[in-house]
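Numbering (the numbering used here), first residue to last: 19 to 92.
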């Protein structure tokens, strides 16, 4: 099952999301209502730290984060 969580905070390209207990390291995630591409770079319990590879301006706490179940690839 894909991880589904919510944004807790945004700081530049870094996003912290809770409720991500099913997430895996280096998993690609879809971040926010704008569906930005990101990657899980750290996991602590059900909290995921995510590197977003697009502009995070406009992202707000409470927006969804959904895991794809796949690693980032080009």
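C-beta atoms are modelled at their ideal positions from N, C-alpha and C, and glycine is treated no differently. Since the model is a prediction, treat every value here as computed from it, not as a measurement.
Specify, as a first and last residue, the run of the beta strand (DSSP E) that residue 26 falls within.
22–29
From residue 56 to residue 46, what distance separates their C-alpha atoms?
6 Å
I'd like to confirm the pairing. Which residues does DSSP put opposite residue 46 in its beta bridges?
57
Option in 88, 72, 77 with minimal Cα separation from residue 24
77
DSSP three-state call for residue 78: helix, strand or coil?
coil
Which residues mark the beginning and the end of the beta strand (DSSP E) in which residue 65 is found?
65–70
With 16 other CB atoms within 10 Å as the buried threshold, where does residue 85 fall?
buried
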